[in-house]
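Per the numbering used here, residue 1 is the first one in the sequence shown, and the count goes up by one each step.
The structure under discussion appears below in the form of C-alpha cells.
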Amino acid sequence: MEFNSFKEAIIARCKELGVTEYELYYQAAEATTVSAYQQEINEFSGNAEGGVCFRCISDGKMGYASTEELSREQAMQLVDRALDNAKNLETVDKVFLGKGGQSYEPLTLHPMPLPSTEGLVNSVLAAQKALYEADPSVVDGTVTEGICEKNSIAICNSNGLDLSYVNQLTGLVTVAVVSKDGEMSNHFRIKLAEPETVDYALLAEQTVTGALEKLGGQVPETGIYPVVFSPKAMANLLRTYSGIFSSEAAQKGLSRFAQAEGTVIAADCVTVVDDPFHPDSPSPINFDAEGSPTCKKNLVEHGVLNTLLYNLKTADKAGKVTTGNASKSSYAAAVGIRPFAMYLAGGALTEEELLQKAGNGVYIDSLEGLHAGANAVSGDFSLQSAGYRIENGVKTARIKSFTVAGNFYELLKKITAVADNMKLHNPLGITCFGAPSVLVDEVSIAGK
Numbered sequence: 001m002e003f004n005s006f007k008e009a010i011i012a013r014c015k016e017l018g019v020t021e022y023e024l025y026y027q028a029a030e031a032t033t034v035s036a037y038q039q040e041i042n043e044f045s046g047n048a049e050g051g052v053c054f055r056c057i058s059d060g061k062m063g064y065a066s067t068e069e070l071s072r073e074q075a076m077q078l079v080d081r082a083l084d085n086a087k088n089l090e091t092v093d094k095v096f097l098g099k100g101g102q103s104y105e106p107l108t109l110h111p112m113p114l115p116s117t118e119g120l121v122n123s124v125l126a127a128q129k130a131l132y133e134a135d136p137s138v139v140d141g142t143v144t145e146g147i148c149e150k151n152s153i154a155i156c157n158s159n160g161l162d163l164s165y166v167n168q169l170t171g172l173v174t175v176a177v178v179s180k181d182g183e184m185s186n187h188f189r190i191k192l193a194e195p196e197t198v199d200y201a202l203l204a205e206q207t208v209t210g211a212l213e214k215l216g217g218q219v220p221e222t223g224i225y226p227v228v229f230s231p232k233a234m235a236n237l238l239r240t241y242s243g244i245f246s247s248e249a250a251q252k253g254l255s256r257f258a259q260a261e262g263t264v265i266a267a268d269c270v271t272v273v274d275d276p277f278h279p280d281s282p283s284p285i286n287f288d289a290e291g292s293p294t295c296k297k298n299l300v301e302h303g304v305l306n307t308l309l310y311n312l313k314t315a316d317k318a319g320k321v322t323t324g325n326a327s328k329s330s331y332a333a334a335v336g337i338r339p340f341a342m343y344l345a346g347g348a349l350t351e352e353e354l355l356q357k358a359g360n361g362v363y364i365d366s367l368e369g370l371h372a373g374a375n376a377v378s379g380d381f382s383l384q385s386a387g388y389r390i391e392n393g394v395k396t397a398r399i400k401s402f403t404v405a406g407n408f409y410e411l412l413k414k415i416t417a418v419a420d421n422m423k424l425h426n427p428l429g430i431t432c433f434g435a436p437s438v439l440v441d442e443v444s445i446a447g448k
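Structure follows, in C-alpha cells:
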C-alpha cells in the first residue's frame, strides 16, 4: 500500500474510534552501496528500510505505535495499539502535536540523479584505479565506495499539518592506505556528486596526499602552547560537544548552559550558527520532526549564548518558542533535538595570518578517540593528536603521538581568533558540522 493510502486508512480508523488528536510520521530510505578492494568489486548491497510511527493523545497522554508494514490491517492495529499504550502510561508530562497553517521557508532541492548500477560500478573502479596510480606508496587496504541514497519524510496530523520531503544523494568515498619507510597511514575523503562527473585523478591525489602528510614526525615536548585547530579538527570537536546546545540536555542537567541564555559563554570572536539551508548542506530541509518550520539562527553571537535548540516540549517547559530542531533518529524513535548544519562562523583572517598570530605553537589537524576521550557532559577531553609545529608563524615539522587536553566550555572562552576558511565536513545526512581554523591560547599538550 502507498503511504497516502495508508494515511487515509489511519484517518478513517481515528474517526471510527473518535481519536481527535493524532500524528502520522513516515520515514524511508533506499540505498545502494558498491565497494572496491584490490581494484575489484568486493561488495554490492541494496536495501530499503523505513516505516511509520503513529502518535495519539488520549486523556492527556501520548501513545506511540510503529510498523514497517503499510497495509489496511496494520493501519487499524496501529491506532489500537497507540491507544492501549496511552492508557498504560503513568507519566503525566505535557504532550504536543505540531500546528498546521504555519509558514515555511521556500525550499529548492537539487536531487542528484541516481546512476545506473553499471555506471556506479564503473565509477568506483575508476576511482580505485586512480588511487593506486596517484603514488607508488599506495598499498592494499585502499578502498573505494560508491553510495546512492533516496530519503523520504512525511508528517500529517489532526491539526492540519501535511508535509513531505524527498531528496537524493550520490557520491564516492575514497580511502587511501600508504606505506613508506616502514610506516603506514591512511586518509579518506567524501565527494558528493554524480560519480561519473567526478575528477577521479584529482580526488585520488587529494586523498593520497592526505595520507602521505601523516607520515613521519616527532613527538613534541610537553607544555602549554598556543594551538591552531584545523577546520576539520575544530568541526569534529564541535560535533562531539554539539549536545551541550540542546535544551533537552540543559533541562536534564547534562549541559552547563542551563539558565545561561543571554550570558557570555565564549570569546567575542565566536559565533556558532545552525543553518538548515546552508548552501553546502546536501540535505536542506524546511520543517523538523514535529512539522515546525526550521530557520537559520545564531546560537552564539560574538560570545553571547542567544538560544539553545528547542522542540515543542522543551520550549514549553522553558517558556519559549521552538527553534524548529525536533528530531527523530528513526521513524519509531521518540522526539528529540538535533542541529542541521551547525558551524563556527569564519572570521576575516587567512589561516596564514592566524599562524602568524600564534607565533610559536602547535597546529592540530588530527584528533583521535573522540568517543572515548571526550566527556560530552563535563566538556573535558584528552585526545590523541597529530599536526605540525608552528615556528615564527609558519607550519614546519610534522609532529605526532601527543595528547591535547582541556575542557570544551573553557576552550570556547580561550579562542583568540578565527580564520576565513570555514567549511562543512563529511556532509552526509541531514546533520553536518563545520568550522574554520581557530587559534586557542594556552592549550595543554602532553608529549615527551
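No residue lacks a Cβ here, since even glycine has one placed at the ideal position from N, Cα and C.
In this structure, G160 is the residue among G369, T91, I10, G160 with its C-alpha nearest to the C-alpha of G291. Taking all protein chains in view, the Cβ of E49 is surrounded by fewer than 16 other Cβ atoms within 10 Å, so the residue is classified as exposed. The Cβ-Cβ distance between L212 and R189 does not fall below 9 Å. Under DSSP, the beta-bridge partners assigned to P293 are F287.
For the options Y225, G346, T322, A12, the alpha carbon positioned closest to that of G447 is the one of Y225. Below 8 Å, enough C-beta pairs join the region 114-124 and the region 15-35 to call them touching: three or more. Listed as beta-bridge partners of N407 by DSSP are D380.
Annotation: T108 to F277 spans about 10 Å, alpha carbon to alpha carbon. Annotated as distal: P279 and E194, with beta-carbon spacing of 9 Å or more.
Here DSSP, grouped into helix, strand and coil, assigns I10 to helix. In this structure, N325 sits away from P106, with a CB-CB distance that is not shorter than 9 Å. Between the region 427-441 and the region 335-347 there are three or more inter-stretch CB-CB distances shorter than 8 Å, so the stretches are counted as touching. The continuous beta strand (DSSP E) containing M62 extends over residues 61-67.
Here G379 is buried: its Cβ has 16 or more other Cβ atoms, across all protein chains shown, within 10 Å. Residue pairing for A358: DSSP places it in no beta bridge. With three or more CB-CB distances shorter than 8 Å, the region 258-275 counts as touching the region 301-310. Between the region 6-19 and the region 43-60 there are three or more inter-stretch CB-CB distances shorter than 8 Å, so the stretches are counted as touching. Annotation for N375: F381 place their beta carbon closer than 8 Å to its own, counting only its chain and skipping 5 residues before and after. Between T67 and L78, the gap from beta carbon to beta carbon is short of 9 Å.
M184 carries a strand assignment under DSSP once its states are collapsed to helix, strand and coil. Contact between L439 and V228 is confirmed by a C-beta separation of about 5 Å, below the 8 Å threshold. For a cut-off of 8 Å, the C-beta gap from N236 to L370 is around 6 Å, short enough to register as a contact. Under the 8 Å Cβ criterion, the region 136-154 counts as touching the region 173-190, having at least three qualifying pairs.
Q168 has K150 as its beta-bridge partners, per DSSP.
Here Y331 carries a coil assignment [DSSP, helix/strand/coil].
Taking each of K296, A333, L192 in turn and checking the Cα distance to T322, the smallest one comes out for K296.
Nearest C-alpha to Y409 among T240, N42, E183, E351: T240. Judged by their CB atoms, Y343 and D275 are nearer to each other than the 9 Å cut-off.
Closest in C-alpha terms to G119, from the list D181, E196, I155, M62, comes E196. Apart from sequence neighbours up to five positions away, the residues of its chain that approach A334 with a beta-carbon distance below 8 Å are Y64, K328, ordered along the chain.
Leaving aside the five residues that flank G347 on each side, the residues in its chain whose CB is nearer than 8 Å to its CB run, in chain order, C269, A417, V418, A419, D420, P436. Between A258 and K150, the CB-CB gap reaches or exceeds 9 Å. Taking C-alpha positions only, E40 is separated from G210 by approximately 23 Å.
In the DSSP assignment, E145 forms a beta bridge with S35, V173.
Here M76 has A9, R13 as same chain residues with Cβ atoms under 8 Å from its own Cβ, once five neighbours each way along the sequence are excluded.
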